[in-house]
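Reading through the C-alpha cells given below for one structure.
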Amino acid sequence: MRVGGLVGDNQGGFITGCYATGSVSGWHDVGGLLGYNVEGTITDCYATGPVSGDYCVGGLVGMNWEGAITGCYASGSVSGCEYYVGGLLGYNGKGTITGCYATGSVSGDYYVGGLVGYNEEGFITGCHSTTSVTVEGCSDVGGLVGYNEEGSITDCHAAGSVNGESQIGGLIGFNLDGSVTNSYFNGEVRSEFIVVGGLVGENLEGSITGCHATASVSGYGYVGGLVGGPVLGLVEPTPVEAAHRTIGRRHEHTVDPLDHAREVGAEFVDVGDLAVAGHVALDGLPFRGSD
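First residue of the sequence shown: 3, per my numbering; consecutive thereafter.
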C-alpha cells in the first residue's frame with residue numbers, strides 16, 4: 003500500500019520537476035511517481051513506467067486528496083484488478099488537476115478513466131488523454147474520467163478507444179451532479195451492453211455545456227452520440243456539426259441530432275442543438291424515431 007516510483011506518501015509537501023521511469027506495482031494507492039498525496043503540491047513532474055495494482059492505481063499518482071497537480075504527465079500503461087484506475091490518477095478527491103495529460107493504455111474493472119478513474123468534487127482543467135489511449139473496464143469507464151461525482155471538468159478532451167459494459171462514455175462514463183464545460187471526445191466507444199455515449203455514458207443531475215463528440219458509438223441500448231442515458235440533467239446548446247446517422251438492428255434512419263438526443267438519451271432534459279458527428283449503432287433495441 004502507498005507505493006510510488008519516487009515517493010510512497012506525501013502529506014502537505016512540494017514535489018517539483020521530478021520524474022520516475024521504472025515499473026511500479028503494489029496493492030492500493032499505487033502511482034508511477036507517488037502513491038498517496040494529501041494536500042501536497044506536484045508541479046512539472048512525470049512518470050513513464052508501467053503501473054499495476056488492485057485499486058487506487060494511477061500512472062502518476064494513485065490517490066490524491068485535496069492536492070494540486072499542475073503541468074504533469076504519465077505515459078506508462080496502467081492496470082488495476084479492481085476499481086479507481088486512471089492514466090494519471092486513480093482517485094482524485096477535492097483536488098485540482100491543471101494542464102496535465104496521460105498517453106498510456108488503461109485497464110481495470112470499475113471507475114476507469116484515461117486520465118482519472120474517480121473524480122470526487124475535484125477540479126480538472128485543461129487536461130487531456132491522447133490518441134494512443136485505450137481504456138477498458140466493466141462499468142463507469144471514460145476516455146478522460148470514469149466517474150465524475152460533483153466535480154468540475156473544463157476545457158478538456160480525450161481521443162482513442164473506450165470499451166466496457168455499462169455507463170461507458172468517450173469523455174466520462176458517469177456524470178453525477180458534475181459540470182462538464184467546453185470539452186470533447188474524438189474516437190470510438192464500444193459496449194455489448196447498455197448506457198453508452200459518445201461524450202458521456204450517463205448524466206444524472208449534471209450539466210454539460212459547450213461540448214461535442216465525433217465518435218463511432220455502439221451498444222445494446224440507451225446509446226447516444228453525445229449522451230447515452232436516461233438523462234436527468236442539463237445539456238446546453240452548441241452548434242450542430244453534422245447530420246447524424248443511427249442504425250438499429252432492423253431499421254436504418256437518418257435523423258437530426260436533436261431528435262436523436264431526445265429519443266435515445268435525453269427524455270427528461272431541455273435539449274438545444276447538440277454538436278454530434280459520427281456513427282451510432284444499436285445492437286438489440288430498435289430506434290424509436292420515425293422511419
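Where is the CB? At the ideal position from N, CA and C, for every residue including glycine.
Checklist entry - Does the beta-carbon of residue 204 have 16 or more other beta-carbons within 10 angstroms, so that it is buried, or is it exposed? => result buried
Next on the checklist: Quick check on residue 207: buried or exposed, where buried means 16 or more other Cβ atoms within 10 Å of its Cβ?
Outcome noted: exposed
Next on the checklist: So the candidates are 151, 138, 195, 188; which of them puts its Cα closest to the Cα of residue 97?
Outcome noted: 151
Checklist entry - Per DSSP, what kind of secondary structure is residue 192 in: helix, strand or coil? => result strand
Checklist entry - When the Cα atoms are used, what is the spatial distance from residue 112 to residue 56? => result 11 Å
Checklist entry - From 105, 129, 161, 39, pick the residue whose C-alpha is nearest to that of residue 80; which is it? => result 105
Next on the checklist: Buried or exposed for residue 226, going by 16 or more other Cβ atoms inside 10 Å?
Outcome noted: buried
Checklist entry - Can you list the beta strand (DSSP E) stretches of 3 or more residues lying completely in the stretch 28-76, in chain order? => result 30-33, 36-40, 43-45, 53-55, 57-60, 63-67, 70-72
Item to check | Selection from 138, 147, 158 that minimises the alpha carbon distance to residue 128 | outcome: 158
Checklist entry - Quick one: Cα of residue 65 to Cα of residue 200, how far? => result 28 Å
Item to check | Beta-carbon contacts of residue 13 that lie in its chain and below 7 Å, excluding the five residues immediately before and after | outcome: 40, 41, 42
Item to check | Bridge partners - residue 82, DSSP secondary structure assignment | outcome: 55
Item to check | Secondary structure of residue 247, DSSP reduced to three states | outcome: Caution is warranted here: a pLDDT of 29 is assigned to residue 247, below 50, making its placement in the model unreliable, and the coordinate value is therefore given only provisionally. In this structure, residue 247 counts as strand in the three-state DSSP scheme.
Checklist entry - Who are the Cβ neighbours of residue 178 in its own chain at under 8 Å, not counting the five residues just before and after it? => result 149, 150, 151, 152, 206, 207, 208
Item to check | Complete runs of the beta strand (DSSP E) confined to the stretch 153-191 [at least 3 residues] | outcome: 154-156, 159-166, 168-171, 174-178, 181-183
Checklist entry - Can you tell me whether DSSP reads residue 142 as helix, strand or coil? => result strand
Next on the checklist: What does the alpha-carbon distance come out to for the pair residue 189 and residue 69?
Outcome noted: 31 Å
Next on the checklist: Under DSSP, the beta strand (DSSP E) around residue 225 begins and ends at which residues?
Outcome noted: 223-226
Checklist entry - Run through DSSP, which three-state label would residue 88 get? => result strand
Item to check | Own chain partners of residue 84 with C-beta closer than 6 Å, once the 5 adjacent residues on each side are dropped | outcome: 56, 57, 111
Item to check | Straight-line gap, residue 107 to residue 116 (C-alpha atoms, nearest Å) | outcome: 8 Å
Item to check | Inter-residue Cα distance where the pair is residue 32 and residue 38 | outcome: 7 Å
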